[in-house]
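If you read the sequence shown in full-length UniProt numbering, its first letter stands for residue 1, the second for the next number, and so on.
All residues carry an ideal CB built from backbone N, CA and C; glycine is no exception.
These figures come from a predicted structure and were not determined experimentally.
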Amino acid sequence: MKPSLSLQNLNLNRHGRRVLQDIDLAVYPGELVVLLGPSGAGKSTLLRVISGLTRPGSGTVRMGDKDVSFLPPQQRPSAMVMDSPALFGHMTVQQNIAFAVNRDLFDSTPDEQILVAMTVLNIRDLAYHYPAELSTGQRQKVSLARTLVRRPQVLLFDEPLAHVDAFSAKTLRSEILRVHKRMNCASIYITHDVKEAFSIADRIIYMEDGRIVQDDLPQEIHDGPATLSIAKHLGATTIISASANARRLVSGQVVANAHVLGNNLTIAASPYINEGEEVPIVIVGYPDSVDIQPAKSASRFPIRGNIGQIVQSIYTGETYRLRIETERGAISAEVQANELAGSEGERVSITLREDLLWALPAQT
């Protein structure tokens, strides 16, 4: 299968700074790729280059078999949904959608396609309303309808739910997925919401400083982040520096053996960890990687080994989110409310779940 979108060696400098560096990427029909990364990583700039709103300094943008690197947006088989829909205020919903119609693509009449788009997005009753009369979520639905009638090969989403309330966002997210699947196009979606990214992505690309740092399946990037900054962004709260013996198994997987917080651990590890004895590593894990129990005769136990002290306890309704001071620094855990009261100042024994931990080279 040929990619609908192919980027080759894209670079862009701005004010003496490289905002895109050596970007290579292929997205296939029906694939939804999510871009994650900190603010300023280059995610929105990349979408602007793909859409034609910004010219690359070097490299190529191909859509299907066509090099579109220097074509204007209106001549590219792509459409972009922004965080704030750009609708014409003097036009009705129906007129806004009609303005986007590419009449060369239709077997049926444009009016029929406009009606289909409004029906798909459940906005037929808004046909004669003006943008000022619509909610943010409704305006985004109109923007999605405009993409439907354009029939793009490539669909770009730049934080489309950023200004939508949580209830509307859930509905609109389903509509976006429906439009993506209906058109079977290559889609790229920017979000800062990690949970949203994992719920919709076929693939996740993490960017930093204008570069692609990791390109992986959602579960792979969750369980094996390439860098410490990625792990933190995805919600890792257990971060422990340690020394370990690293070795490679017959399967090719690297594992690290370490003694941490009174736990003897064998942890899946990054392939970039040097094999050998006493290798410096960083152990990372999410809140569910830590099990805790009240320490017996707690007041007599110092904070040492597997004994820690709760320094913060936040009740969420179903769980307690705990911050625990240990001999290796603070870590976090989340426990069911009916399992442990989690009072601040309480001593607890800590068990690290090695199957939910990941080891990175110390320099990351």
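Beta-carbon spacing of Leu7, Gly59 below 8 angstroms: Cβ atoms of Leu7 and Gly59: closer than 8 angstroms.
Same chain only: Cβ atoms within 7 angstroms of Tyr272, ignoring 5 sequence neighbours per side: Apart from the 5 residues on each side of it in sequence, Tyr272 sits with its Cβ closer than 7 angstroms to the Cβ of Pro361 in its chain, given in chain order.
Residue closest to Ile283, alpha-carbon to alpha-carbon, out of Ile303, Asn257, Met80, Val61: Selected option, being the one with the closest Cα: Asn257.
Nearest-angstrom beta carbon gap, Arg248 and Glu220 [assumed within contact, 8 angstroms]: About 18 angstroms separates the two Cβ atoms, so there is no contact after all.
The segment 139-149 touching the segment 73-93, judged by at least three CB pairs closer than 8 angstroms: Touching, per the Cβ criterion.
Residue from Lys141, Thr191, Arg211 with nearest C-alpha to Arg178: The candidate whose alpha carbon is nearest that of Arg178 is Lys141.
Extent of the continuous alpha helix (DSSP H) to which Asn306 belongs: First-last for Asn306: undefined, no H or E at that position.
Proximity winner among Ile188, Pro73, Leu161, Glu339, relative to Leu35 (alpha-carbon distances): Distances from the alpha-carbon of Leu35 to those of Ile188, Pro73, Leu161, Glu339 put Ile188 closest.
Ser313 vs Pro280 beta-carbon contact at 8 angstroms: No, they are not a contact pair.
Counterpart residues of residue 447 in DSSP-defined beta bridges: Outside the displayed range of the chain (1 to 364) lies residue 447, so it cannot be described from this structure.
Rounded distance between the beta-carbons of Glu208 and Ala41, thought under 8 angstroms: 5 angstroms between Cβ atoms; contact.
Environment of Val260 [buried if 16+ CB atoms lie within 10 Å]: Val260 comes out buried.
Sub-8 angstroms separation of Leu322 and Ala337 beta-carbons: No, Cβ-Cβ distance for Leu322 and Ala337 is not below 8 angstroms.
Buried or exposed (CB count within 10 angstroms, at least 16 for buried), Ala86: Ala86 is classed as exposed because its beta carbon has fewer than 16 other beta carbons within 10 Å across all chains shown.
Helix, strand or coil at Gln336 [DSSP, three-state]: DSSP, read as helix, strand or coil, puts Gln336 in strand.
Cβ contact check for the segment 160-176 and the segment 45-53: 3 or more pairs under 8 angstroms: Result no; under three Cβ-Cβ pairs closer than 8 angstroms.
C-beta contact flag for Gln113 and Ile123 at 8 angstroms: No, the Cβ-Cβ distance between Gln113 and Ile123 is not below 8 angstroms.
Supposed close pair Ala127, Thr92 - CB separation, criterion 8 angstroms: Right, the Cβ-Cβ distance comes to about 7 angstroms (below 8 angstroms), so this counts as a contact.
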